[in-house]
Amino acid sequence: MQTFNLISTSDVRIDKFISDEIESISRSYAQKLIDEEFVLVDGKKVKSKYKLKEGQGIVINVPTPQKLDVLAEDITLDIVYEDSHLIVVNKPQGMVVHPAAGNYTGTLVNALMQHCGDSLSQINGVVRPGIVHRIDKDTSGLLLVAKDNEAHIGLSSQIKEHSLTRKYIAIVHANIKADSGTIDAPIGRHASNRKKMCITDKNSRNAVTHYTVLQRFGNYTLVECKLETGRTHQIRVHMASIGHPILGDKLYGLKKEKYNLIGQLLHAKLLGFIHPITKEYMEFETDVPQRFQKFL
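Numbering (my numbering), first residue to last: 5 to 300.
Quick look at the structure:
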């Protein structure tokens, strides 16, 4: 058990305060710790939506990671780069990143456990070892994985500071008139459909996406999207919000489409970051997958 003792410096939600103050704890993990009563404010249990007051004392007890109870599976990985601290993987469309309800096998984590053994950071708990950030099941492309906690903390810090370079390529509906633009709109959980995210001012986080038109095809547009922030479903929500949902997106796109695609045509094409140990800037780029090329 690791214990953190903090003093609140402003009026802010407890889960946000914890994730801002402790680099190794994401906001979702902070909420989990609060819900499981590992967090006390002035000696009392609170809810994750509790709003702190300046000067309150917060004690956070982080449990020692349990032994991983997830099956290692011999699944081929497309490894773009690997050293003793981290791995860059090109995830295929259709692969879930980590085990969750309905997907306990066949995930990227199952494959990583076979490849890395015990050499994965444990910061994100027993079902998400090494996972620094995620991309959706039906989004393909580059993903960072940390092998040790030091690397994980360093990479997570870059994500919070928005210093990672992340570029995606997508095909969207309709013809985007402007050659480029920025979508600056906060994203939060949809009030009635918990599987969806939406643009909202309620319980949301700021989200910024920069897009550039690469080619126009009349009823469709090929775009590059650069993330300034990395919220759940960010590009999918943002592009749909301006009337250009991603082709094949069953959750945010058109109900009926001309093409019977499985999953959205969205690919994490470029990833750049400062190596958390060597401090060297590294950048990787991968070609769009065959199904994407075929449609183009």
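For each residue, glycine too, the CB sits at the ideal point set by N, CA and C.
Best match in the options for proximity to residue i [C-alpha to C-alpha]
i	options	result
Leu124	Ala150, Ser14, Asp140, Leu56	Ala150
Arg31	Met243, Phe299, Val136	Val136
Ile22	Asn207, Glu154, Lys200, Gly61	Gly61
His89	Lys283, Ile38, Ser208	Lys283
Pro190	Thr13, Lys95, Asp78, Met201	Met201
Gln294	Asp24, Pro96, Ile79	Pro96
Ala76	Arg198, Pro133, Ile26, Lys49	Pro133
Ser12	Glu41, Tyr33, Ile26	Ile26
Arg138	Val101, Leu168, Lys254	Val101
Met5	Phe42, Thr233, Lys36, Ala34	Phe42
Cys120	Met99, Gly98, Asp152, Asp140	Asp152
Contact check, residue i vs residue j, beta carbons under 9 Å
i	j	result
Leu2	Val63	Absent from the model: residue 2. The displayed extent of the chain is 5 to 300, so no value can be given.
Leu270	Ser144	yes
Ser28	Ile157	yes
Phe296	Val84	no
Val93	Leu81	yes
Gln268	Asp87	no
Gly252	Tyr263	yes
Ile203	His177	no
Lys181	Gly192	no
Tyr256	Ala244	yes
Asn114	Ile79	yes
Asn179	Tyr108	no
Ile38	Ala155	no
Beta-bridge pairing of residue i - partner residues as DSSP gives them
i	result
Arg235	Beta-bridge pairing links Arg235 to no other residue.
Leu270	Ala174
Asn65	Thr7
Ala47	Residue identity differs from the one stated: residue 47 is Gly in this sequence, not Ala. Beta-bridge pairing links Gly47 to no other residue.
Asp304	Here the chain comprises residues numbered 5 to 300, so residue 304 is not present and cannot be evaluated.
Ala150	Leu90
Cys229	Tyr172, Tyr215
Lys55	Arg17
Buried versus exposed call for residue i [16 or more other C-beta atoms within 10 Å across all chains shown]
i	result
Thr111	buried
Ile266	exposed
Gln126	buried
Gly59	exposed
Lys199	exposed
Tyr285	exposed
Leu168	buried
Met117	buried
His166	exposed
Q.
For the structure I just gave you, are there three or more beta carbon pairs, one from the stretch 213-233 and one from the stretch 134-150, closer than 8 Å?
A. Three or more Cβ pairs closer than 8 Å define a contact, and the stretch 213-233 falls short of that threshold against the stretch 134-150.
Q. Would the stretch 161-176 and the stretch 271-278 be scored as touching if the rule is three or more Cβ pairs under 8 Å?
A. The stretch 161-176, when compared against the stretch 271-278, does touch it at the 8 Å Cβ threshold.
Q) At a cut of 8 Å, does the stretch 170-185 reach the stretch 221-231 through at least three beta carbon pairs? A) Inter-segment contact for the stretch 170-185 and the stretch 221-231 is present: three or more beta-carbon pairs are separated by less than 8 Å.
(Q) Would you call the stretch 46-63 in contact with the stretch 11-18, where contact means no fewer than 3 C-beta pairs closer than 8 Å? (A) Output reads yes: the stretch 11-18 touches the stretch 46-63.
Q.
Assess contact between the stretch 209-216 and the stretch 235-248, defined as three or more Cβ pairs (one per stretch) separated by less than 8 Å. Is contact present?
A. At 8 Å Cβ cutoff, the stretches touch.
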